[in-house]
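Numbering (the working numbering), first residue to last: 36 to 193.
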């Protein structure tokens with residue numbers, strides 16, 4: 036295993052761990068919300084914190100899924116491509132995915148700049164925290180895709 040793959044695996048494991056903690060926190064927050072409502076405790080903002088964690092949960096796993104090819108893949112047409120063209124197909128798919136990922140990534144950067152002083156209702160969570168999730172998660176996905184493209188290009192050249 037190369038040093039770069041080891042680094043990618045460690046980051047993916049960290050992000051999976053954080054996503055698992057987020058999922059547990061969401062569960063605890065939803066239980067607390069139900070109890071608060073039914074017992075009249077008046078805890079406010081639990082739903083908003085859970086929604087923030089849901090956003091983080093989604094973006095934390097995308098890079099790891101791409102790293103391990105665990106993502107959903109519609110490969111009906113790509114399975115019919117001759118074997119010798121498969122690496123070129125993989126490069127093109129990675130380039131399109133990289134472009135789409137970069138669009139969302141830079142959109143999130145712009146959103147952080149635009150909403151820098153905004154907060155969510157009730158408990159004043161800074162809105163940029165919502166947009167930081169795609170920057171972290173998609174930043175890792177971009178690194179995974181660039182690595183994949185480099186490996187595929189080396190395979191084509193060999």
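We put the CB at the ideal spot given by N, CA and C, even for glycine.
Item, Value
"Own chain, CB closer than 8 angstroms to residue 92, minus 5 neighbours either side, in chain order", "54, 57, 58, 61"
"Where residue 136 falls: helix, strand or coil (DSSP)", "helix"
"Helix, strand or coil at residue 156 [DSSP, three-state]", "coil"
"Option nearest residue 196 by Cα separation, candidates 165, 50, 129", "There is simply no residue 196 to check, as the chain begins at 36 and stops at 193 in what is shown."
"Residue of 184, 172, 191, 189 minimising C-alpha distance to residue 51", "172"
"Exposure of residue 37, with buried meaning 16 or more beta-carbon neighbours within 10 Å", "exposed"
"Rounded straight-line distance, which links the Cα of residue 110 to that of residue 180", "18 angstroms"
"N-terminal and C-terminal residue of the alpha helix (DSSP H) that residue 57 is part of", "38-74"
"Cβ-based burial, residue 175 [other Cβ within 10 Å; buried from 16]", "buried"
"Residue interval of the alpha helix (DSSP H) (run including residue 111)", "No alpha helix (DSSP H) holds residue 111; DSSP gives it neither H nor E."
"Secondary structure of residue 117, DSSP reduced to three states", "coil"
"Residue 151 classed as buried or exposed, judged by whether at least 16 other C-beta atoms fall within 10 angstroms", "exposed"
"Span of the alpha helix (DSSP H) around residue 178", "163-192"
"Residue 201 - containing alpha helix (DSSP H), residue span", "For residue 201 there is no data in the structure shown, the boundaries of the chain being 36 and 193."
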